[in-house]
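Working notes, structure below.
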Amino acid sequence: MKAPTRPFSVGPVKPATTLVSESLQSRAFTSVPRCRMPTHSSCNEPNTLKYICITTSANFGNMVSMALAAPLLPFLPLAAKQILLNNFLSDVPSIAISTDNVDPETVTRPQRWKIRDVRHFMIVFGLVSSVFDLLTFAILLLIFHADEATFQTTWFIISLLTELAVVLVLRTHRPAFRSIPSRVLMWTTVVVSLAALSIPFLGSLASAFGFVRLSALEMGSVLVILAGYIAATEGVKAWFYRRHETPLKGAGRHPPALAKGSPAQRIRR
Numbered sequence: 001m002k003a004p005t006r007p008f009s010v011g012p013v014k015p016a017t018t019l020v021s022e023s024l025q026s027r028a029f030t031s032v033p034r035c036r037m038p039t040h041s042s043c044n045e046p047n048t049l050k051y052i053c054i055t056t057s058a059n060f061g062n063m064v065s066m067a068l069a070a071p072l073l074p075f076l077p078l079a080a081k082q083i084l085l086n087n088f089l090s091d092v093p094s095i096a097i098s099t100d101n102v103d104p105e106t107v108t109r110p111q112r113w114k115i116r117d118v119r120h121f122m123i124v125f126g127l128v129s130s131v132f133d134l135l136t137f138a139i140l141l142l143i144f145h146a147d148e149a150t151f152q153t154t155w156f157i158i159s160l161l162t163e164l165a166v167v168l169v170l171r172t173h174r175p176a177f178r179s180i181p182s183r184v185l186m187w188t189t190v191v192v193s194l195a196a197l198s199i200p201f202l203g204s205l206a207s208a209f210g211f212v213r214l215s216a217l218e219m220g221s222v223l224v225i226l227a228g229y230i231a232a233t234e235g236v237k238a239w240f241y242r243r244h245e246t247p248l249k250g251a252g253r254h255p256p257a258l259a260k261g262s263p264a265q266r267i268r269r
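The opening residue of the sequence shown carries number 1 in the working numbering; numbering runs sequentially from there.
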C-alpha cells in the first residue's frame, strides 16, 4: 500500500507590487553597475545633428547670398572652380565634427530629431550669414571699388573663414569659449584657416584659381568682418536657444516627486 501523500498547501498570495519590489531588490539587479557619462565624450548622435544643422544653414546662407548678388553684379561672385575649392576646404573640419566633444548636458536626455527645429536653425543662422555676405559686397563695391578678381578673392576668404568659425560657434549651446572642441576639429580648423589666408599669395596656385594678392587694408577688413560675424552669431545663438524648444530644455532637473503611498513609490523603496 502507498503511503498517504501530504496535502498540498497554498500560502498567502503576495500582491504583484510586492513581487516586483522584491525582484528589484534582489542581487540580480543590484549587481548591475551604473554607467557614467564622462564630462567630455564623443557621441555620434549629437555630433551628427550638429553637422546637419551647421551644414544646412551654411548652404542656405550661401545660396541666398549668391541669388541676391548675381543679378546685381556684372560678374559672378565666385567662379565655379573657386566654389569647388571652397567646398572642399570647408568640408575638412566638417568631417572632424564626428570626433567632437559633447557637452555633458547634451547627453542627459535622449535627443529628438525634429525637421521643424532643423528648418528654424537653417533659416535663422543662414540669414545671419547672408547679412554679412551682403555687408561684404557693399564694402567691396562702394568702398574699395573692387574689380572681379579682387572681389572673388576677398569673398572666397571671408566665406571660407566664416564657415570655419561658425562650426566652432554653433557646435555647442554654450558660449563658444566655454566648450572645448576636440583636438582634431580644432587643428583642422586652424590649418584650413591658414590655408585660406595664404592661398592668394601662393603665386601660380593662386593664378590657377583666379585669385590675386590683397592689400593690408583689404585683409584687415576681412578680419574685422569675421570678428563681427562671430559676435553676431553668438548673440543670435543665445536668443535662438532661449526662444526655441531644444533637446536640452529641462535637462539636469530632478524627476517629479512620486505621490506618497503610490505603488511606484513602494516599488522604489
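Don't be surprised by glycine CBs; every beta carbon is placed ideally from N, CA and C.
The structure displayed is predicted, hence computed values, not measured ones.
7 angstroms Cβ cutoff met for residue i and residue j
{"i": "T153", "j": "P200", "result": "yes"}
{"i": "S182", "j": "T99", "result": "yes"}
{"i": "V184", "j": "I54", "result": "no"}
{"i": "P93", "j": "T233", "result": "no"}
{"i": "H145", "j": "H244", "result": "no"}
{"i": "L83", "j": "A165", "result": "As written in the sequence, residue 83 is Ile, which differs from the Leu given in the question. No, the Cβ-Cβ distance between I83 and A165 is not below 7 angstroms."}
{"i": "D103", "j": "S179", "result": "yes"}
{"i": "E148", "j": "F75", "result": "yes"}
Reference residue i; option with closest CA among the options
{"i": "S129", "options": "L214, G203, F156, F60", "result": "F60"}
{"i": "R109", "options": "E45, V92, A208", "result": "E45"}
{"i": "G210", "options": "T150, W187, G228, Y241", "result": "T150"}
{"i": "D91", "options": "T56, A206, A79", "result": "T56"}
{"i": "K237", "options": "L127, S207, M63, A208", "result": "L127"}
{"i": "T106", "options": "V212, L205, R242, N47", "result": "N47"}
{"i": "I95", "options": "L205, A138, M186", "result": "M186"}
{"i": "K81", "options": "A208, N62, L214", "result": "A208"}
{"i": "S215", "options": "G235, L140, A58", "result": "L140"}
{"i": "A138", "options": "L73, G235, A206, L205", "result": "L73"}
{"i": "T136", "options": "A206, L85, L226", "result": "L226"}
{"i": "L85", "options": "L205, I115, N101", "result": "L205"}
Supposed close pair residue i, residue j - CB separation, criterion 8 angstroms
{"i": "I97", "j": "Y51", "result": "5 angstroms"}
{"i": "F125", "j": "L170", "result": "7 angstroms"}
{"i": "W113", "j": "L217", "result": "46 angstroms between Cβ atoms; not a contact."}
{"i": "S65", "j": "L134", "result": "7 angstroms"}
Residue i: first and last residue of the uninterrupted alpha helix (DSSP H) it sits in
{"i": "N101", "result": "Taken as a continuous stretch (DSSP letters only), N101 belongs to no alpha helix (DSSP H), as it is neither H nor E."}
{"i": "I199", "result": "Neither: I199 is in no alpha helix (DSSP H) and is coded neither H nor E."}
{"i": "T162", "result": "148-170"}
{"i": "S221", "result": "216-243"}
{"i": "S129", "result": "115-138"}
{"i": "A176", "result": "A176 -> no alpha helix (DSSP H), and no H or E assigned at all."}
{"i": "L205", "result": "204-208"}
Residue i Cβ short of 6 angstroms to the ligand NAP heavy atom set
{"i": "N101", "result": "Questions concerning the ligand NAP fall outside what the structure shown contains, since it holds no ligand whatsoever."}
Proximity test, Cβ basis, 7 angstroms: residue i and chain D
{"i": "V128", "result": "The question asks about chain D, but that chain is absent: this structure has only one protein chain."}
- Item | Three-pair Cβ contact test at 8 angstroms for the stretch 172-184 versus the stretch 66-83 | no
**Item:** the stretch 183-203 contacting the stretch 150-164, beta-carbon criterion three pairs below 8 angstroms
**Value:** yes
Any chance the stretch 137-157 sits against the stretch 219-226, with 3 or more Cβ pairs inside 8 angstroms? yes
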